[in-house]
Amino acid sequence: MVAATYQLKRADFIFKNDNDWEKILDKTLKRAPQELINELMSSELKGRGGAGFPTGLKWKLTAEDSSEQKFVICNADEGEPGTFKDREILSKVPYKVLTAMAVCGHVIGSQQGYIYLRGEYKFLVPELQKAINEFEYYCQQTGHEFSIKIFLGSGAYICGEETALFESMEGKRGEPRNKPPYPTSSGYMSQPTVVNNVETLAHTFTIFKYGAKKFYDLGVQYSRGSKLFSVSGDTPKPGIYELELGMSLQDFVNEFGDGDTKAVQVGGASGFLVPRKRFEKTTIGYRGKLTGISLPTGGSMMLYNSSRSMYNVLDNYLEFFREESCGQCTPCRVGCQQLHSGIKAVKRGEKPAQYLDKLLKLTETMQLTAKCGLGQSVANSFSSIVENFREEMIY
Amino acid sequence: MSTKISVTINGIQLEVEPGKTILEAANEAGMIIPTLCYHKDLCIAGNCRVCVVEVTGQKRLAAACATPCEEEMEILTNSLKVRNSRKHIIELLLSEHNADCTKCYKNGNCELQELASEYKIMTQDFLRLAPLKNYTIDQFSPSIIKDDSKCIRCQRCVRTCAELQGVNALTVAYKGDEMKIATFFEKAMNDVVCTNCGQCVNHCPTGALVERNYIEEVWDAIADPDKHVVVQTAPAVRVGLGEELGLEAGERVTGRMVSSLKRLGFNSVLDTDFTADLTIIEEGTELLHRLKKALAEEDQSVKLPMATSCSPGWIKYIEHMYPELLDNLSSCKSPQQMFGALAKTYYAKARKIDPDKIISVSIMPCTAKKFEADRPEMHDSGFRDVDYVLTTRELAIMIKQAGIDFKKLPDAKFDRLMGESTGAAVLFGATGGVMEAALRTAYELVTGREVPFENLDITPVRGMEGVKEASVLIEKPLDEWAFLDGIELKCAVAHGLVNAKKVMDAVKEGTSDYHFIEIMACPGGCLGGGGQPIPTNPEIRQKRAEAIYAEDGGMPLRKSHENPEVLKIYQDFLGQPLGEKSHHLLHTKYTGRNRF
Numbered sequence: 001m002v003a004a005t006y007q008l009k010r011a012d013f014i015f016k017n018d019n020d021w022e023k024i025l026d027k028t029l030k031r032a033p034q035e036l037i038n039e040l041m042s043s044e045l046k047g048r049g050g051a052g053f054p055t056g057l058k059w060k061l062t063a064e065d066s067s068e069q070k071f072v073i074c075n076a077d078e079g080e081p082g083t084f085k086d087r088e089i090l091s092k093v094p095y096k097v098l099t100a101m102a103v104c105g106h107v108i109g110s111q112q113g114y115i116y117l118r119g120e121y122k123f124l125v126p127e128l129q130k131a132i133n134e135f136e137y138y139c140q141q142t143g144h145e146f147s148i149k150i151f152l153g154s155g156a157y158i159c160g161e162e163t164a165l166f167e168s169m170e171g172k173r174g175e176p177r178n179k180p181p182y183p184t185s186s187g188y189m190s191q192p193t194v195v196n197n198v199e200t201l202a203h204t205f206t207i208f209k210y211g212a213k214k215f216y217d218l219g220v221q222y223s224r225g226s227k228l229f230s231v232s233g234d235t236p237k238p239g240i241y242e243l244e245l246g247m248s249l250q251d252f253v254n255e256f257g258d259g260d261t262k263a264v265q266v267g268g269a270s271g272f273l274v275p276r277k278r279f280e281k282t283t284i285g286y287r288g289k290l291t292g293i294s295l296p297t298g299g300s301m302m303l304y305n306s307s308r309s310m311y312n313v314l315d316n317y318l319e320f321f322r323e324e325s326c327g328q329c330t331p332c333r334v335g336c337q338q339l340h341s342g343i344k345a346v347k348r349g350e351k352p353a354q355y356l357d358k359l360l361k362l363t364e365t366m367q368l369t370a371k372c373g374l375g376q377s378v379a380n381s382f383s384s385i386v387e388n389f390r391e392e393m394i395y
Numbered sequence: 001m002s003t004k005i006s007v008t009i010n011g012i013q014l015e016v017e018p019g020k021t022i023l024e025a026a027n028e029a030g031m032i033i034p035t036l037c038y039h040k041d042l043c044i045a046g047n048c049r050v051c052v053v054e055v056t057g058q059k060r061l062a063a064a065c066a067t068p069c070e071e072e073m074e075i076l077t078n079s080l081k082v083r084n085s086r087k088h089i090i091e092l093l094l095s096e097h098n099a100d101c102t103k104c105y106k107n108g109n110c111e112l113q114e115l116a117s118e119y120k121i122m123t124q125d126f127l128r129l130a131p132l133k134n135y136t137i138d139q140f141s142p143s144i145i146k147d148d149s150k151c152i153r154c155q156r157c158v159r160t161c162a163e164l165q166g167v168n169a170l171t172v173a174y175k176g177d178e179m180k181i182a183t184f185f186e187k188a189m190n191d192v193v194c195t196n197c198g199q200c201v202n203h204c205p206t207g208a209l210v211e212r213n214y215i216e217e218v219w220d221a222i223a224d225p226d227k228h229v230v231v232q233t234a235p236a237v238r239v240g241l242g243e244e245l246g247l248e249a250g251e252r253v254t255g256r257m258v259s260s261l262k263r264l265g266f267n268s269v270l271d272t273d274f275t276a277d278l279t280i281i282e283e284g285t286e287l288l289h290r291l292k293k294a295l296a297e298e299d300q301s302v303k304l305p306m307a308t309s310c311s312p313g314w315i316k317y318i319e320h321m322y323p324e325l326l327d328n329l330s331s332c333k334s335p336q337q338m339f340g341a342l343a344k345t346y347y348a349k350a351r352k353i354d355p356d357k358i359i360s361v362s363i364m365p366c367t368a369k370k371f372e373a374d375r376p377e378m379h380d381s382g383f384r385d386v387d388y389v390l391t392t393r394e395l396a397i398m399i400k401q402a403g404i405d406f407k408k409l410p411d412a413k414f415d416r417l418m419g420e421s422t423g424a425a426v427l428f429g430a431t432g433g434v435m436e437a438a439l440r441t442a443y444e445l446v447t448g449r450e451v452p453f454e455n456l457d458i459t460p461v462r463g464m465e466g467v468k469e470a471s472v473l474i475e476k477p478l479d480e481w482a483f484l485d486g487i488e489l490k491c492a493v494a495h496g497l498v499n500a501k502k503v504m505d506a507v508k509e510g511t512s513d514y515h516f517i518e519i520m521a522c523p524g525g526c527l528g529g530g531g532q533p534i535p536t537n538p539e540i541r542q543k544r545a546e547a548i549y550a551e552d553g554g555m556p557l558r559k560s561h562e563n564p565e566v567l568k569i570y571q572d573f574l575g576q577p578l579g580e581k582s583h584h585l586l587h588t589k590y591t592g593r594n595r596f
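Just so you know, the protein sequences line up as chains A and B, in that order.
Quick note: the first sequence, position 90, residue 90 per full-length UniProt numbering, numbers continuous.
Quick note: the second sequence, position 468, residue 468 per full-length UniProt numbering, numbers continuous.
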């Protein structure tokens, strides 16, 4: 591809390890909570798990609640297909995350943090626990009251949804709750709780270390800062890359594609599939008044080349959702089954091609009525694949 | 914060209390939003999504049952978006549901069917998923049949079992497309902690949980010229049956019920109330004996408090959950089983009928009674004491099948021998009723005076409070009971097993100072039983309770020990309370069970 169009901007904050977390912790904890909230708000950091809720606002809302007991939870239930960045953060720079959690505790008024660790990441526990022990020891020595416990999940994708995560931690079945109330007022144990993605916390470390401006200067309007991307699929260089937000997908493909990229799935199974003809017009970042389409992502970028059947890709996603729906709400539980069985029926010729339109309408209903983000976002991959690769679904 | 907030629903401006949900606000204003997983007895689940409504300015639809009203909210309950989504959701539910409606026991009384009819779902465009799931029907329990192919996963049963009963026999298992409602390791319903109370049946919107019905067996018995079929009717049936037959909740139908049973062809229509009175004599005497042993003779082996034993759901619960406290239970059989044992002995002898030819049927507000009749120890007459147990709902089905226009039926009276009863017996149908009836008799037995409550109404044990406490000071007793002088008899009443747990935990820990406790498995007592008409909810229970108390108030005799037939049976047959014959026929033993 032509080098002249290359506009990817790499960043290197997350994995840059100056081993200065004690210093940053001490320095930051001396600052007033309101000042830290302002710093975060002015950085315009948004949640890196994919949903993109402004982090500063989340901390602010939780800080404003007058409850005595509050919690800080680091969401490390990294379950979205195609994402593996949190694992690396926790194994390479755990202290950044722990520090950020303690700072969050300071800001909102909490002495207890939890790391909700994906069950499949059990192998991380010994090293992570060692880091926690050292961190807690340091806190004790310096008079900061904050302790962190690891809570190991049991392998359900849905438990990454924050309210299902609370249920899981409370010993119940991992099912999303009705909202409102929101976690900022009633989360774990019905107490105000901040749930932040691992990467989000790591970014707050950057912000507290260098100041909001350094972070804000990266990226574009509405999508400030850098972000880790888990690049996988048909690419000669899979891996984790820290890039500035706001890049065009074409630039991304130029860098990571194998020269034959047919489509990119942005944001994992719950994200969107972008076909080649839309690469130019698509940017990666949060939605705002930008030109073209802007797609948020938790970091999962899966590239598909022309050898891939988009039917198989969709079949795979839908099988995933069919199994990983918690099953409590109708649109998601039955909708996923209908979509999955439906595309098979069309492929086999048991249902006419027009049946796909009925299924597209169904995804609209799922988006409108499902209880949580899982059921609401099945529509994303389904409609973007079916609309762009309709012929592959039928023939 | 008590100021009202204003919302607009379908263009109509409303002032609502803060904290009210959209569903409550709409219902109060006469706008109906369909629901499935919502039930007034239960916590909000918000999982069926049928009640979705549009809130202006919000991208997604909101579940009306789970979304609190907010200031200035503009809500549309019937916009095109809402209608299309709702229709989709109903279609989805139907696609996963074994919608073979004409072959379903709940045909005509199914909330999903009603919705499908309301929204005129005429085609099934979506794939039919139900046949792919290979569900087997669990029909091992004598009380409850569980058919997962008809389940819509609203979790009303799960919430019922957890919140009302604290039993958790039913819970959610697996996830995604395999998610289902299951017992412990998917064992059969008769193999787990299930108390057979049938509250899940009463709360199930579809035919996934139904009572095991014995309608055909009873028709066969009635048609058999060799058989003499006797039927007994529980107190709570007469205040519920009307609802199944087009009458308002709370209408007393005792006379019409008797006359319909006669028209159905039962040879003798008798009353469980008779044995309810008998229970009071036996249980009251047992209580006084225990008190005497414990207080006068200081016998440590006597267990207090004594707990009532009329509710078979409660019996199975204590057998599972507190097997170490079984000695606290009264050894009295329930009125149904006392009746059964007497029907094939005392009644058979008096009426000169071969007990082998007697088929004993009972009409109960209860599904646990089916299990109770099935217990191996309930054969004291030499035969199976009670052959078939029908719920209030099953009786209504038979009445409809027989072409009886219930509303126009003239009243009739119970037949004699075991048909006479008092107001005290009727009280058995409501929570606190056994306690009230027992106190009316025991107090008078001990002091020779009527219980010191106006008009015999012992109001502290009435009402829908989960756990009620009462105490009666015993003053100037008769000589025989002198040891009770100055004693404050302390009583507790609990209904709904989740409340039973509160009382029993206190008993177990030794922190309770009760002498006598009444426990009924179902909320509201038998009038809210698992075999009662569907729906049953707090308002309906209240109306049925009022009917019970009205029935009691209207009886010429209101104390069990004044029932002439009860006096006669002791004279002619039983001898004395707790005598050898009663011991053999009217008392029983209990079995400890596993806790899963």
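Beta carbons: idealized from backbone N, C-alpha and C, even for Gly.
{"Asked": "Sheet register partners of Tyr355 (chain A) (DSSP bridge)", "Found": "Per DSSP, none; premise fails for Tyr355 (chain A)."}
{"Asked": "Neighbour-count burial assignment, Thr285 (chain B), 16 or more Cβ in a 10 Å radius", "Found": "buried"}
{"Asked": "Where Thr261 (chain A) falls: helix, strand or coil (DSSP)", "Found": "strand"}
{"Asked": "Residues that Ser325 (chain A) contacts on chain B, provided the C-beta gap is smaller than 9 angstroms", "Found": "Lys175, Gly176, Asp177, Met179"}
{"Asked": "Contacting residues, own chain, Cβ-Cβ under 7 angstroms from Leu164 (chain B) (five flanking each side not counted)", "Found": "Asp41, Gln199, Gly496, Val498, Pro523"}
{"Asked": "Cβ contact check for the segment 379-388 of chain A and the segment 271-285 of chain A: 3 or more pairs under 8 angstroms", "Found": "yes"}
{"Asked": "CB contact check: Thr330 (chain A) to chain B, cutoff 8 angstroms", "Found": "yes"}
{"Asked": "Residues that residue 598 (chain B) bridges to, as DSSP identifies them", "Found": "In the structure displayed, chain B extends from 1 to 596; residue 598 (chain B) sits before or after that span and is not available."}
{"Asked": "Other residues of its chain near Thr291 (chain A): CB distance less than 6 angstroms, five sequence neighbours each side excluded", "Found": "Per-residue confidence for Thr291 (chain A) stands at a pLDDT of 49, beneath the threshold of 50, marking its modelled position as unreliable; the derived number appears in the next sentence. So the list is empty, once near-sequence residues are dropped."}
{"Asked": "Chain-ordered residues of the UniProt domain \"4Fe-4S His(Cys)3-ligated-type\" (81-120) of chain B with a beta carbon less than 8 angstroms from chain A", "Found": "Lys81, Asn84, Ser85, His88, Ile89, Leu92, Leu93, Ser95, Glu96"}
{"Asked": "Classification of Asn254 (chain A) by the beta-carbon crowding that lies within 10 angstroms, buried from 16 upward", "Found": "buried"}
{"Asked": "Own chain, CB closer than 8 angstroms to Ile90 (chain B), minus 5 neighbours either side, in chain order", "Found": "Val50, Leu112, Leu115, Ala116, Tyr119, Ile121"}
{"Asked": "Inter-residue CB distance, Asn75 (chain A) and Asn197 (chain A) (contact presumed, cutoff 8 angstroms)", "Found": "5 angstroms"}
{"Asked": "Whole runs of the beta strand (DSSP E) within the segment 363-417 of chain B, excluding any shorter than 3 residues", "Found": "388-391"}
{"Asked": "Beta carbon of Gly299 (chain A) nearer than 8 angstroms to that of Lys85 (chain A)", "Found": "yes"}
{"Asked": "Stretch-stretch touch, CB-based, cutoff 8 angstroms, three pairs: the segment 343-361 of chain B with the segment 319-332 of chain B", "Found": "no"}
{"Asked": "Nearest-angstrom beta carbon gap, Gly174 (chain A) and Ile150 (chain A) [assumed within contact, 8 angstroms]", "Found": "Their Cβ separation, rounded to whole angstroms, is 17 angstroms, which puts Ile150 (chain A) and Gly174 (chain A) out of contact at 8 angstroms."}
{"Asked": "As assigned by DSSP and simplified to three states, the class of Cys332 (chain B)", "Found": "strand"}
{"Asked": "Glu488 (chain B) classed as buried or exposed, judged by whether at least 16 other C-beta atoms fall within 10 angstroms", "Found": "exposed"}
{"Asked": "Interface flag, Ala212 (chain A) vs chain B, CB-CB below 8 angstroms", "Found": "no"}
{"Asked": "CB contact check: Thr204 (chain A) to chain B, cutoff 8 angstroms", "Found": "no"}
{"Asked": "Beta bridge counterpart(s) of Glu74 (chain B) as assigned by DSSP", "Found": "B:Thr8"}
{"Asked": "Residue environment, Lys16 (chain A), which counts as buried when at least 16 other CB atoms sit within 10 Å", "Found": "exposed"}
{"Asked": "Residues in the segment 39-59 of chain B having any Cβ partner in chain A nearer than 7 angstroms", "Found": "Ile44, Gly46, Asn47, Cys48, Arg49, Val52"}
{"Asked": "Buried/exposed call for residue 441 (chain A), threshold 16 Cβ in 10 Å", "Found": "The structure shown has nothing for residue 441 (chain A), since chain A only spans 1 to 395."}
{"Asked": "Any C-beta of chain B under 8 angstroms from that of Thr291 (chain A)", "Found": "With a pLDDT of 49 at Thr291 (chain A), under the threshold of 50, the modelled position of that residue is not reliable, and no figure is offered here."}
{"Asked": "Contact with chain B by Cys104 (chain A), beta-carbon distance below 8 angstroms", "Found": "no"}
{"Asked": "Interface residues of chain B facing Cys336 (chain A) [CB-CB closer than 9 angstroms]", "Found": "Gly176, Asp177"}
{"Asked": "Three-way DSSP call (helix, strand, coil) for Met306 (chain B) in this model", "Found": "strand"}
{"Asked": "Option nearest Thr77 (chain B) by Cα separation, candidates B:Leu61, B:Trp481, B:Phe126", "Found": "B:Leu61"}
{"Asked": "Contacts that Arg153 (chain B) makes with chain A (C-beta to C-beta distance below 8 angstroms)", "Found": "Gly327, Gln328, Thr330, Arg333"}
{"Asked": "Sequence-distant residues of its chain with Cβ nearer than 6 angstroms to Gln221 (chain A) (five each side left out)", "Found": "none"}
{"Asked": "Residues near Pro564 (chain B) in its chain [Cβ-Cβ closer than 7 angstroms; skip 5 each side]", "Found": "Glu420"}
{"Asked": "C-beta neighbour in chain B for Asn178 (chain A), strict 8 angstroms", "Found": "yes"}
{"Asked": "Best match in B:Lys349, B:Ser149, B:Leu288, B:Met257 for proximity to Leu270 (chain B) [C-alpha to C-alpha]", "Found": "B:Met257"}
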